[in-house]
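Reading through the structure tokens given below for one structure.
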Amino acid sequence: MNKEQIKQIKRFENIIHAVDALFIVIYIGLFVYLFSQIIVPHTPPETFTNYEYTIFGMDIDTLVLNTWMSYLAIFIIITVPLTIISFKKTKYREFYEYNHYVATNYFVNAMVSLLVLNPASFVLKIMASHRILLQSEKYGFKEALKRIGHGIKNLFKKKERVVVEEDNELKRAIQKQTIVQFTRMFFSYLFLSIIALMIFIPFYWMILTALKTYYESNLTLSPRFFISLSEMQWMNFKYVLEEVDFSQYIKNTLFVGIISTTGTIFTTVLAAFAFARLEFKGRDTLFSVLLMTMMIPGELYILTNFLTVSQAGFGWIGGETGTNSYFLAMIIPFMTSVFYIFFLRQTFKQIPETLYKAAKVDGSSDFKYLTRVMIPIAGPTIFTITILSVIGSWNAFIWPRLITSVGDVNEGRGFWLISAALRDADFYTSGTNPRVMFNMQIAASAIVTIPLIVVFLLLRKYIMSGVGRSGTKG
Amino acid sequence: MKNTLLNLVWSVRNVFQRLKEKLHLNFNLPPWVKALIYLSPALLLLSLFTFYPIVNAFRLVIYTGYQLVRDVDGVLRESITGYTLIGNFVKVLSADNFILPSSHTTSSILLNTLAIVFISVPISILLSLFVAATLNSIKPLKSFFQTIYFLPYITNTLAIGLVFAYMFKSGDTGLVNQFFRIFGIEPVSWIERGATYWRAMAVLIAFGVWDGMAFKIMVFMSGMQGIDQQYYQAAAIDATPKRRVFTRITVPMISPMIFYIVVTSVIGAFKTYSSVVAIFGDTATPDGANYNLKTIVFHIYDYIYSGEDISLAAAASIILFAIILALTLVQMYIGKKRVHY
Amino acid sequence: MKKIFSFVLLLAGLLSLAACVEVRNTAPRLIGVQSSITITYGDAFNPLAGITAEDDADKDLTNAIELEGWNPAWLEDPRGGQYSYSVYVEDSGGLFARQQVSLTIIGNVQQTVSLLYVQEAQTYYIGSRPYNPLRGVQAIDTINGAENPIDLTNDIEVIDLPNLTRPGRFSYQLRVENELGASATKSVSLTVRPAVTNIPTTLTSDPITITLWHSNGSTIEGALNLYATQFKQLYPNITVNIVKNGENYDALRQNTVSAIKGGTLPNIVQGYPDHVAEYITNNAVISLNPYIDHSVWGFDPAVENDKFEDILWKYRNENSQYTADGDFFSLPFNKSTEVMIYNKDAVDALITAGKITSFPETWQDLFAIANEFEAIAPGFIDTYSSKLGLTAAEITKAKADFVPYSYDSEANAFITLLRQWGGSYTGINSERKGVALYNSSQALAMLTYFNTHRDKLTLPQNWLSDYASDIFKKGQTFMTIGSTGGAYYNTPAIVGGQYLFNFEVAPIPYNKDLPQHRTAIQQGTNMSLTNSGTDQQKLASWLFLKFLNSQSVQQDFTLKTGYQPTRTSVYNSQPYQTFMNGFAQNGTTPLVGEDLMRSKAARAAALQSEILFFDQAFVGSSAIRAAVGVTFKRIILPTETDTVANALAYAVSEARRLLGTENVS
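Chains as they are written, first to last, in our numbering: chain F, 865 to 1338; chain A, 14 to 354; chain V, 3 to 667.
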């Protein structure tokens, strides 16, 4: 293929991606619109109510609405990763990499687009597949089908044995190796899939429960594993979002998370460096003492730390309305962590000491070495610690709840972090003996989890490459 | 972004450097002063929020009848009824079912905790090692699997614990039992009425393994990714079998990470508590069972919130701490010989 | 060497730090006091015999023991009688211990007279409304049988009533006698305290805001908000903030204790009695006596539905049990009890078949006809299941799991049934610390009995459910015992606009062999005043508490929620009577469904109103409760190798661990 054809194909591919992206925007937009139309009952929804809606001039009820939203959700989940992967692949594809595999890829993608009701992409992808096949392999669809047919026939035909001694040995060895490789690959994937399934099932169950009605989620006998698309109660998520003032809590969580993480990084880097490289008397003893503090259960800290920040101590919480600084109490105690110091110290220790000695010989100071050499090399690890620390703030709930419940409770509620808010929110049935609505609580947990999943997906590479070792390549 | 930050730090430092030279200050600091400067931010916070609480909690262990009362003028006053050197320890250790099972209840808190530690930690680590190694050796779908394996880390334990409990419940029709029925195994009770001790313990261990794998896989995988390919190439030339490559090259090269994981996992497993509450409830007992699944930390919380006797909770915490310390020292001793930096 | 030295230094530092804590004075302990003694006329009796007193600081205080109300003349009366007095000792630091003793002397006259509703330890603040020793007290004579008591209230005499103008400790007696010479005498230990100065005589007109912490669901919170609004119309300058602080009562307790230590308390806090006991230990709640009897702000004894004694005796008793002085530290709020709800259709089927004439009232009778219910169960389950649309597997399971009777709360079952079998559950010793009294033969007998009959009475976990109501409403069990507060959950399921079956509510069953121990549990929370806030705020809070216990509020609250009224006048009022009879407030429309269930539950609760019990509160009682709950589950849903003795031993060992071995019998 020449440059002109490549350019054409690439342009074509960009059009495909644009169309895909457009459709994704449409799906998400539709989903959000339908979500905003959902009617949420004023009293806690213990049973299913079938509301009437008028969407786009059509009269539908809740079951139909649920079905539509379920389909849209499935479409979004399928298309977004596929589009991103496809886009990444296209960006880095070299001209010589265009072959029938790519064409098959597009063909399969076209089928997927058809399933998600994206006719435009379907047509475009079929066209792309055909064109790539034509220009790279010089044959079209008909020819390709014929070749596939031949290939299948050949599989079942008995091969003519041309007996050549040395070739036979080699052939058998190659055959054995491919079989071994194939088996290994098969069992690897099998093993990974089984583990992945075991890890995923509780999540599936969690999402399932979040989408059930209260009555269903409470059934101890014969709980269902699959519910039909029309029975997925998207209303639950809206109910949760309405019960809880999300924007305020997310703001709080981000504020607390960012500041405490910055503090943590600062203290952790300095301390880990001291323990890894600096020689001083009592280094090992002090480090062991630090390790020992990890062995004590957290609740013991909470008791005393609460007193320290309360009216009996610094007075950051629990006082009259308006005299409290809740953020101080939520951030300062968490600006350092022995867990991360230990972690970073291990990483620092893996950077060869020779580097350090060499730097010393060159007359560079410790601080220079730290900032110029260690931090960049251990950069990914530090990044990972940052992410983990922010996730910690995201999931924190015992401490924020405790310190906001001992004074003006309404004022304190405005300072909740997101997990505390969702756990403490009122997901109870009505009546004098309210019972917890399990499906709502799980829906709330799901809502909290999803941003974290998105963050992980985006930053996966950095997190992964980071937890590790240094590089002294070569 | 990173560069601008570093440049900022550098310019600030240059200012200080020039100041130093101007004032003819000779900073030949002894090493421990330097170390102190580096450690001071962390140490300051740790002293206030980690060391002080521990000292404060541990000193309660020699009191009896400790009470913390706040006056009308807002001053916190503590008072005790007396001192006792080992009285609280004796009370904790001699309570029924702490060390050994008794005639009326066939489980003991110490044995429960040790079972969780010594079963779930090795399983979890070995499984994670294999998964990380396998994951490292494939290319397609790697990121897909990675994402799935990371999921347990970002959900909060209590919610997932409840889901886990739900899965193992419901007699014949629960999720797990239905799954076993596919293979023709009879459904049994796992955590409800009729569950045996080891079945209930298996659920707890399964949850611990499940919850801990995400972080371990991540750590091991990245560790393996950082291993220099030279070693593998050399091994390939020598046609070393895969298993040998794994045990002789991969494992030693990531041994610092393995060590970190082992130490922290053991410590973490000793602190099992929220999963017990999530799966078995506040009494940690399956319905009608003549045993319970209480762990040492559960017991400590019990002393704090039910017994209201803080000194006993402090004594139990010190006992737990001593056990963990002993085991960690053993691990560090082994580590000195086996860990290669 | 240096290491050892520094280590020793560190240890010494820690020890000295630990040593600068004040050692507080502890109350003395009375040992050997029997709470109930029976002797015969002519027996030698020394009330101080075998009783010693010790104190940590003062060591032996036996010589300082006093008797309050004891009159040696009682031993001289050949007719005999029933008496009560107190044993009291005080240490040099001013802390005391007091225990009441009831003494029965058997003479030649049959003792049929009783004094009822006497609070044996009371506190009076000088300057309050005139003290009425006979407030709420009644006397009856059961000489014509217990069903026909003769009212002797007008014949009660007060002996040795002290001069109430100076502070001090006094005792007086209430005595009533019938014509035959049977008598009952009760001693009241009265502590007279100096006048309180911090209750303003006029309420300020400045705006006051008070805060109330609760942890109820939306229904009760809505009611509280309504009452706060109504209260504002009475006192326009007082704003009451109703704040929910905690998802359940225990979370509220934890938040309150944390606030005591390091935060700011609200003005009013809701809690169970053992929570209040904990707040008292922390000096966080104040005595209500000065307010109750205040000449301006107290309950008006002249107004029938306002007077203090209109509040039911059992609630007044529960809210003054905290200290040995009888101070009130709370007023009742949402009280409930347990009732028995049964499937009327199934019972009618047996009545028609001539097997029984009415639904049994005792355990023994219930278990005797259990197999009759089991015989007709499959038929009923088939009918109900087809209406509910259950699958064949579910129907088979329901029939296989069928047990005729169920009890919702295993802890309540243990506590109530233990009392019905003549045993005691917990008590408090002279230091107001909890003691566990259930390591007894009665407990063993009760547990063995119900273990034997576990195929007839079971817990919801038999069906792998958390609530018996979920099973009852589907008709898969025929009787369930549950709280009146949650009775509405037992309303039968509705299929096609029709309820699945008819239901009826009755008082809970009792032990046929020990009918005198017929009893049911008294549950629910109370409201306390905290020590935070200005005097005007405390006054405003008291006024709101009083308002919550007024007849109008109680009537509205109980009709709406199904909780028990705290006042007799509410019980006797027309609207409540209409409600208990099963009609809506217009008097003609019959109630249906949940409302009917509430109404029937209220009537059943009223029938057992006089025999309710409560256990004295102490810090840590909830953990003991959890332990006995586990025990009861172990005998109802046992594993094969378990025994009743082992199940009980578990609860006993938990008590030993939590209360100390010396406090477990």
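Built from N, CA and C at the ideal position, the CB exists for glycine as well.
Residue 99 (chain V): member of the beta strand (DSSP E) spanning 98-108, first to last residue. Excluding sequence positions up to five before and after residue 310 (chain A), its CB lies within less than 6 angstroms of the CB of 284, 286, all in the same chain and listed in chain order.
Nearest to residue 869 (chain F) by C-alpha distance, out of F:924, F:958, F:950, is F:958. Counted as a single uninterrupted DSSP element, the stretch harbouring residue 110 (chain A) is not any beta strand (DSSP E), since DSSP gives it neither H nor E. Cβ atoms of residue 245 (chain V) and residue 233 (chain V) stay farther apart than 8 angstroms, at about 15 angstroms. If you draw a straight line from the Cα of residue 606 (chain V) to the Cα of residue 509 (chain V), it is about 5 angstroms long. For the pair residue 931 (chain F) and residue 1094 (chain F), the Cα-to-Cα distance works out to about 4 angstroms. Taking a Cβ-Cβ cut-off of 9 angstroms, the neighbours of residue 1259 (chain F) in chain A comprise 167, 168, 169, 170, given in sequence order. Chain F places a beta carbon closer than 8 angstroms to that of residue 63 (chain A), counting this residue as a contact. Burial check for residue 1014 (chain F): the Cβ neighbour count within 10 Å stays below 16, so the residue is exposed. Assignment of beta-bridge partners to residue 177 (chain V) by DSSP yields V:159, V:187. The Cβ-Cβ distance between residue 187 (chain V) and residue 84 (chain V) falls below 8 angstroms.
Residue V:577 holds the alpha-carbon nearest to the alpha-carbon of residue 589 (chain V) among V:596, V:599, V:577. Sequence-distant partners of residue 401 (chain V) (beyond 5 residues in either direction) whose C-beta falls short of 8 angstroms from its own C-beta, in its chain, are 379, 380, 383. 80, 81, 82, 83, 84, 85, 89, 90, 91: these are the residues of the segment 80-91 of chain A whose beta carbon lies less than 9 angstroms from some beta carbon of chain V, given in chain order. Its chain contains no residue whose beta carbon lies nearer than 7 angstroms to that of residue 373 (chain V) once the 5 sequence neighbours on both sides are disregarded. Membership of residue 901 (chain F) in the alpha helix (DSSP H) is indicated by the continuous run 867-901. Not a single CB atom of chain V sits nearer than 8 angstroms to the CB of residue 1095 (chain F). Ranking V:200, V:139, V:93 by CA distance to the CA of residue 537 (chain V) puts V:200 first. With respect to residue 163 (chain V), residue 140 (chain V) sits apart: the two C-beta atoms are not nearer than 8 angstroms. Residue 224 (chain A) carries a helical assignment under DSSP once its states are collapsed to helix, strand and coil. Residue pairing for residue 436 (chain V): DSSP places it in a beta bridge opposite V:430. Taken through DSSP and simplified to helix, strand or coil, residue 1218 (chain F) comes out as helix. Beta-bridge annotation (DSSP): residue 1039 (chain F) is not paired with any residue. For residue 314 (chain A), the uninterrupted alpha helix (DSSP H) run begins and ends at 309-315, by DSSP. CA-to-CA, the gap between residue 252 (chain V) and residue 273 (chain V) works out to about 9 angstroms.
Against residue 969 (chain F), chain A offers no close residue; the least beta-carbon distance is about 12 angstroms (beta-carbon pairs closer than 8 angstroms). Cβ-Cβ distances below 8 angstroms link residue 320 (chain V) to 275, 334, 524, 528, 616 in the same chain, with the five nearest sequence neighbours on each side left out; the list follows chain order. Note on geometry: alpha-carbon atoms of residue 24 (chain V) and residue 291 (chain V) lie some 31 angstroms from one another. At least one C-beta of chain V is nearer than 8 angstroms to the C-beta of residue 118 (chain A). Comparing alpha carbon positions, the residue from A:136, A:159, A:47, A:322 closest to residue 221 (chain A) is A:136. Apart from the 5 residues on each side of it in sequence, residue 68 (chain V) sits with its Cβ closer than 6 angstroms to the Cβ of 90 in its chain, given in chain order.
Near chain F, meaning a CB-to-CB distance below 7 angstroms, the residues of the segment 42-60 of chain A are 44, 45, 47, 48, 51, 52, 54, 55, 58, 59.
The three-state reading of DSSP puts residue 196 (chain V) in coil, since its state is none of H, G, I, E or B. Put simply, the segment 648-663 of chain V touches the segment 92-110 of chain A. At least three CB pairs are less than 8 angstroms apart. Within the same chain, 940, 943, 944, 947 come within 8 angstroms of residue 888 (chain F) by CB-CB distance, once the 5 residues on both sides are set aside.
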